[in-house]
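Following: one structure in structure tokens, then a few remarks.
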RNA sequence: UCCGGCGUCGUCUAAUGGCAGGACAGCGGAUUUUGAUUCCGCUUAUCGGGGUUCGAAUCCCUGCGCCGGAACCA
């Protein structure tokens, strides 16, 4: 239930399309139930967030439910600490599973009963092969496996041994329960996969009740079934497990049959996402913990200061598809800035202070009014900012001999201090080593509040604080964890060596005094610098702030030498000579010579038995193009195993095309009707009045109606978009009830548009 | 190599036989007391080769490339 209202409306995707179609078809009684099924053996990361948003999002959109289920079937890796962190993270992301919190470990009894049932039905057996033997018997991806010598044990013996497994009479690894499927299956997952193994281990929830534990492929689908899940959504690496998923559900004869759908997992540039690598970073102390703000973990993102709104928006924007994809982290960063722009009040802070003395300041400190929000954000509020004779600015905002486009402070130049006065630099003080230690400037009293002096239109603005008033704080500047786009993608290079040593810089910074009351978790924008959050390491008045994300820096970009354009696919030359094509099979060769057809046609025919039988009953090569191009499409897309007509009907159809009764397009419509069982081609033509027309008057009239109704498209055509003619042709044909001769429509249309 | 999946702007993703669209990134301009934001504009793509069709990113054949699958992990 559950997604909060402010969740961005998700654009549709192939999974939502499927759910929508299932609901419309009344599948599962129109019910929608999804689940997010993490194993509690690690922390959630932004890749999980994608799955969470998908599963909870779909449930919310279709009035269904989304369960949170711990897939805890491996006692040796799981831990309640992870359960707690997962619950916290899902909740923090803004989702609510309500009553629907489940644990696979709660199903151990039911799973065990079904395993006994499988044995009783002769669909599972206890196998005593060792692990190495089993893998040897399994064969390889290109060679079939061999049956285990224990495969034909009697039901009684299997039942007895399985019960003894449960009682703890065997050592770990001594035997397993296997599904009895097919050792020769091309899908390795189907070669009698183990479904129960012995583990004399303490489970964090069931304690020492069990010493056998079900494996994923067995437990997961049944858990889905127990929970009456309708759409079991998972990532692509489980694709070959789907066949087994379906087998288990069917073989155990459970009443509820969920269906699995896979989508591509999220990869992000400049970071790593695998549990193994994340664990290695944490355990190897490359980061400070699971919540290190540089990590893509939910805990890390939260500590970094990113709001769940930004993550949800990001997940909505990346979409859901099956392509292997690596999303540019710049998109995440964009979502973070976009979210914080309207949420973080602006304040002044200096990260790398340089002293500025205002030589003509001869009074008490001034109290300036400073709005918290810029003009384009409709929010109220301001604070006082003290201005005095001794200020601090960021070192970056001064250059002794600046280029022309540097609109900041330099000897003899003026700059506006944000919310303050315009100052002019008169003198640069340096230490013995030649480093600048102080700037001596004068202020213009007429410019209080930042008003531009007469005649000075273009004036840079920089941030500053008053030295005597500013707070001394710790600021942690976080950046991308890795310095390369795809860590680990270069052969022979350890991915850990690609960590960016500068992903964290800690500085002592000075911030305006209003931050004295800032609370942990509060976010600010330090003007011109970035977004910051008060970190939980803050102790009393000793503020610690994390940089969430830097502001975009147009000037820095100007300075950077342009990256050479990475362009041009390094693919072209291969296209020169056509690669050797696959030799024709014996069957195809025979077809080719019998019917005098092309290689391509023979191949397509040989691939599809249904097509072959149609051709045989037709006995004429004339129907081959239609068979290969149209009939094949229909039977593939509708997954047909048979059709309610034979080849003679196709010959009849072909004759109708030949004598001009039907256009090719109409023939396709007739074919669809034939598949729907509406009778012979001639009957369908008569019944539906599908006869093709070449009546120019009628066609012209239709074209005129279409052109009148689509003036904009006509304009685009005349403006040079030739492709529009396709759409207009289609529309015109449709206008005649699909009966117009397409070629004629095209000719007339072209003539009409030209004239 | 066997089975399966996937190939659309630099990146992610739409277009379900009929005008290749959007977002991010990039580039240019306007506005700006944040070189931010906002606004406007621009560049850039259907993996190659054949076929079917009036019309193909989409259907068929084929080549190529990438990913996943041989845990008693999930």
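In our numbering, the protein residues as written are 12 to 766. Here a beta-carbon is modelled for each residue, glycine too, at the ideal position from N, C-alpha and C.
Within 8 Å, strictly: CB atoms of residue 135 and residue 190: Going by C-beta atoms, residue 135 is nearer than 8 Å to residue 190.
Nearest-angstrom beta carbon gap, residue 517 and residue 531 [assumed within contact, 8 Å]: With 8 Å as the limit, residue 531 and residue 517 do not qualify as a contact, their Cβ atoms being about 18 Å apart.
Inter-residue CB distance, residue 11 and residue 231 (contact presumed, cutoff 8 Å): Since the first and last residues shown for the chain are 12 and 766, residue 11 lies out of range.
Sufficient close CB pairs (3 or more, under 8 Å) joining the segment 82-101 to the segment 203-216: Output reads yes: the segment 203-216 touches the segment 82-101.
Own chain, CB closer than 6 Å to residue 487, minus 5 neighbours either side, in chain order: Short of 6 Å from the beta carbon of residue 487, and not among the five residues preceding or following it, lie these beta carbons of its own chain, in chain order: 517 and 557.
Residue 368 vs residue 401 beta-carbon contact at 8 Å: Contact: yes.
Residue 630, buried or exposed, once every other Cβ within 10 Å from all chains shown has been counted against 16: Answer is exposed; the Cβ neighbour count stays below 16.
Validate contact between the segment 559-567 and the segment 495-504 using beta carbons, cut 8 Å, 3 pairs: No, they do not touch.
Where the beta strand (DSSP E) through residue 393 begins and ends: Looking at the DSSP string, the run of the beta strand (DSSP E) that includes residue 393 is 393-398.
Touching by the beta-carbon criterion (3+ pairs, under 8 Å), the segment 709-727 and the segment 736-754: Verdict: yes, contact present.
Bridge-paired residues (DSSP) for residue 98: Residue 98 is not bridged to any residue.
Cβ neighbour criterion (16 or more within 10 Å) applied to residue 284: Per the 10 Å Cβ criterion, buried.
Boundaries of the alpha helix (DSSP H) in which residue 81 is found, first to last residue: For residue 81, there is no enclosing alpha helix (DSSP H); the residue is found in the beta strand (DSSP E) stretching over 76-81.
Residue 655 classed as buried or exposed, judged by whether at least 16 other C-beta atoms fall within 10 angstroms: Exposure of residue 655 is indicated by the presence of fewer than 16 other C-beta atoms within 10 angstroms of its C-beta.
Simplified DSSP state of residue 480, which is helix, strand or coil: The three-state reading of DSSP puts residue 480 in coil, since its state is none of H, G, I, E or B.
CB-CB length for residue 740 against residue 709, believed under 8 Å: That belief does not hold up - the Cβ atoms of residue 740 and residue 709 are roughly 16 Å apart, past 8 Å.
CB of residue 448 within 8 Å of CB of residue 455, strictly: Going by beta carbons, residue 448 and residue 455 fall outside the 8 Å limit.
Reference residue 193; option with closest CA among 421, 169 and 148: Comparing Cα positions, the closest option is 148.
Residues of its chain near residue 253, where Cβ-Cβ distance is below 8 Å and the 5 sequence neighbours each way are ignored: Excluding residues within five positions, the ones whose Cβ falls inside 8 Å are 271 and 273.
Runs of beta strand (DSSP E) wholly within the segment 399-426 (minimum 3 residues, chain order): Unbroken beta strand (DSSP E) runs of no fewer than 3 residues, entirely contained in the segment 399-426, are found at 401-405, following chain order.
C-alpha gap between residue 244 and residue 322, whole angstroms: Each residue's alpha carbon lies about 20 Å from the other.
8 Å Cβ cutoff met for residue 535 and residue 358: Inclusion of residue 535 and residue 358 in the CB contact set at 8 Å is warranted, their separation being smaller than that value.
Per-residue DSSP class, three states only, for residue 130: Helix.
Residue environment, residue 539, which counts as buried when at least 16 other CB atoms sit within 10 Å: Answer is buried; the Cβ neighbour count reaches 16.
Residue 152, buried or exposed, once every other Cβ within 10 Å from all chains shown has been counted against 16: Only exposed fits residue 152, as fewer than 16 other CB atoms lie within 10 angstroms of its CB.
Residue 103 (DSSP reduced to helix, strand or coil): In this structure, residue 103 counts as helix in the three-state DSSP scheme.
Simplified DSSP assignment, three categories, for residue 650: Of the three classes helix, strand and coil, the one that applies to residue 650 here is coil, per DSSP.
Sufficient close CB pairs (3 or more, under 8 Å) joining the segment 331-340 to the segment 73-83: The segment 331-340 makes no contact with the segment 73-83, as fewer than three CB pairs between them are under 8 Å.
Backbone secondary structure at residue 541 - three-state DSSP: DSSP places residue 541 in strand when its eight states are reduced to three.
Nearest residue (CA-CA) to residue 139, options 742, 372, 103 and 209: Among 742, 372, 103 and 209, the Cα nearest to that of residue 139 is on 209.
For residue 178, the nearest candidate out of 279, 222 and 196 (CA to CA): The shortest Cα separation from residue 178 among 279, 222 and 196 belongs to 222.
Residues near residue 392 by beta carbon distance below 6 Å, same chain, minus five either side: The answer, listed in chain order, is 383.
Close Cβ partners of residue 315 (< 7 Å) along its chain, the five nearest in sequence each way excluded: By the criterion of a C-beta distance shorter than 7 Å, residue 315 is surrounded in its chain by 304, 489, 557 and 559, once the five residues flanking it on both sides are discounted.
Where residue 236 falls, given that 16 or more other Cβ within 10 Å makes a residue buried: By the 10 Å Cβ count, residue 236 comes out buried.
Cα-Cα separation between residue 653 and residue 256, rounded to whole angstroms: Whole-angstrom Cα-Cα distance: 27 Å.
Residue 59 in three-state terms, based on DSSP: Looking at residue 59 - three-state DSSP - the assignment turns out to be helix.
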